Each structure stands twice: as C-alpha cells, then as structure tokens.
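Colleague: One structure, as structure tokens, below. Some questions next.
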Amino acid sequence: MASEHASMTSDHAADIDRHVRVYIIVFVALMVLTIITVAVSYLHLPVAGAVTVALLVATIKGALVAGYFMHLVSEKKLIYAVLVLTVVFFVVLLALPTFTHSNGFWIDE
Amino acid sequence: MMDIPYTVEVRRDTGLTNGKIGIWLFLASEVMLFGALFASYILIRVGAESWPHGYTILNIPLATFNTIVLISSSVTMVMAWASLMRNRFGAFRMYMGGTVLLGLVFLIVKYFEYSHKFHDGLFPSTNNFLAIYFTLTGLHMLHVLGGMVVNAWFWGPGAKLWKTNPVWFTNRVENSGLFWHFVDLVWIFLFPTLYLL
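Residue numbers (this note's numbering), protein chains in the order written: chain E, 1 to 109; chain Z, 1 to 197.
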C-alpha cells in the first residue's frame, strides 16, 4: 500500500506542484476581490448597483473556491450531475419568495 | 473483518471513492439548508417597510478581517491535502494545524462581535435584521466549529491512519477539505449580503 502510494505521488508530483502554484494565484485573487468588495461598499452606491457589484464579486470568489480549492474544474461526471440537480432546486428555492413578493403565481395578497 | 468498500480504490461505474460522493451529497443538502435561510432573508428584506444597511449596525473591519482569516484557512487546508499528495507528512501537520488555528481565530472574532452586540442590547429578538443575522452567522459558526473538530481529529489521533493506509487518509483529508471550503464559500456570500448591503 505504501509503495503504491509512493508511486502514485511521484507520478503526480509535477501535477501537484502545478496545483500549488494555482492555489497561490487563487489566494491572491480572493484577497484582491475581498478588498474590492469592501472598498465599493464604502462608496454607498444606490441599492441596485451595490447589490449587483456585491453579488457579482461574491459569485466570482465562490467560483474560484469551488473550481480550484474544491477541484470542480476537473471532477467526475456524477459530481457534476449532483450539482446540476442542486443548482436547479436552489434556484427554485430562491425564486419562491421572489414570486410570492411580486404578487405572482401562487399568492394573491 | 469486512472492509468499508471503495475508500481507496475508485468504483468503476462512478469513477469515484464512495466517501467523495457521500461528502458531495451532504454538501448538496447543505446548499438547500443555507438556501432556505437565504430565501427567507430575501423575503423578509424585500417585504420590509425599511431595512437597515448592515454597515450601520455591524463592524465591517472585523468582518473583513474574518473573511481574510477564513480564505487563508481554505488555502492552508488545500495545502495540507497537497502535502499528503507529495508524501510530506510534516508539512501536512503544519498546514492542518494552521487551518484549525485560523478557524479558532474566526470564532474568537465572532465571539467579540456577538458579545459587543449583546452589550449594546442588540439581540435576535430586537428586529428582523438581527434575527436573520444571528441565525445565518450562528449556523455558519456551528459549521466552522464542526469542521474544526474533524480537522483537529485528522491533525491529531486520526493521523495514525497515515502509517497504515496513506491513500485512505489522504482521501479523508480531501473530503474534510471539501466541507471546509464549502464553509468558506458560504461566508463569501454571507459577508457582503449581511455586512455590506
């Protein structure tokens, strides 16, 4: 088992070195984006603009974490399938209150 | 004794170890848990006559500091896993220890934030903003604590597995890392929506 693991790591050693460089770049990008999102909040933009910028930056940061730290850029199909299903249900979950509020499909106020 | 199947070798049909599918299914359920609370937050906020800006009540510099702490802990977490992949157990110990300590720093800062609010007479029952703030950050804090317990186990007694089955141990660390990054990801959305908007 140990020797199997050793051969596995030597095969992947160069890969891992490349990964580590990417982790450091992602870390710097996350820090810069954090500074940007805080700096923009001090401008006290109108609500629509502030929400757009905040959610856009958060989405980019979230994508970096999920893509690189959680290795979603190179994952197996089954995990993608699970996540597609999750995203669909998540969107429905967030859409429900929106429709409810706008006197939409289900609730008559 | 029967071994747990597919902890080290991957299943032919899924191309994955069972633990990895397990943790991703669990994270999918976590998305729905936090999603329900985010949906509640949106509903309460858009339905309110008026809503305070987070920055008028909450401490932005402290939360920014905590954001940096949690992102750093995600980097040390992924470096802990990469160290095992490179067969460097000493480096793993250092990075994993760092991850647990950064989690502790996050909780300490959160303790000061909470106690300052309580001191000012601001409780979950005070208004809807504080109710949703304490619910979301409180649930997130419990996740940080849970992740710390698991990571501390792998740093300490759980690391014994490295000697007998290093691949299994590496896979376990990867899975606890997936949870830890998810907790970081949730905070990446909580921080702007609660504090900055």
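Even glycine gets a Cβ: it sits at the ideal position worked out from N, Cα and C. Only a predicted model underlies this, so the values are computations on that prediction, with no experimental measurement involved.
Which residue from 101/Z, 102/Z, 104/Z, 78/Z puts its Cα closest to that of residue 92/Z?
Modeller: Nearest C-alpha to residue 92/Z: 78/Z.
Colleague: Just the chain E side, please: which residues come within less than 7 Å of residue 82/Z by C-beta, in chain order?
Modeller: Within 7 Å Cβ-Cβ: 16, 19, 20.
Colleague: Any chance the stretch 182-194 of chain Z sits against the stretch 122-140 of chain Z, with 3 or more Cβ pairs inside 8 Å?
Modeller: Result yes; three or more Cβ-Cβ pairs closer than 8 Å.
Colleague: Whose C-beta lies closer than 7 Å to the C-beta of residue 55/Z among residues of the same chain, with five residues either side of it excluded?
Modeller: Excluding sequence neighbours, residue 55/Z sits near 195, 196.
Colleague: May I ask you to verify whether the stretch 161-178 of chain Z touches the stretch 67-83 of chain Z, counting CB pairs closer than 8 Å and requiring at least 3?
Modeller: The stretch 161-178 of chain Z vs the stretch 67-83 of chain Z: in contact.
Colleague: Does any residue of chain E bring its CB to less than 9 Å from the CB of residue 19/Z?
Modeller: For residue 19/Z, the answer is no, since every Cβ of chain E falls outside 9 Å of its Cβ.
Colleague: Which residues of chain E have a Cβ atom closer than 7 Å to the Cβ of residue 31/Z, listed in chain order?
Modeller: Per Cβ cutoff of 7 Å: 86, 90.
Colleague: What's the C-alpha gap between residue 113/Z and residue 57/Z?
Modeller: Approximately 11 Å, taken between the alpha carbons.
Colleague: Looking at C-alpha atoms only, which residue of 39/Z, 130/Z, 61/Z is the closest neighbour of residue 110/E?
Modeller: Since the first and last residues shown for chain E are 1 and 109, residue 110/E lies out of range.
Colleague: For residue 246/Z, count neighbouring Cβ atoms within 10 angstroms of its own Cβ and tell me buried if that reaches 16, exposed if not.
Modeller: No answer is possible for residue 246/Z: the residues shown for chain Z start at 1 and end at 197.
Colleague: What do you reckon, are the CB atoms on residue 101/Z and residue 141/Z nearer than 9 Å?
Modeller: Taking 9 Å as the Cβ cut-off, residue 101/Z and residue 141/Z do not qualify as a contacting pair.
Colleague: Would you kindly work out how many angstroms separate the C-alpha atoms of residue 25/Z and residue 85/E, rounded to a whole number?
Modeller: Distance between the alpha carbons of residue 25/Z and residue 85/E: 11 Å.
Colleague: Leaving out the 5 sequence neighbours to the left and right, which residues in its chain are closer than 8 Å to residue 172/Z when beta-carbon positions are compared?
Modeller: Taken in chain order, the residues that qualify are 19, 154, 158, 161.
Colleague: By the 8 Å beta-carbon criterion, what residues does the stretch 27-38 of chain E contribute toward chain Z?
Modeller: Correct list: 27, 30, 31, 34, 37, 38.
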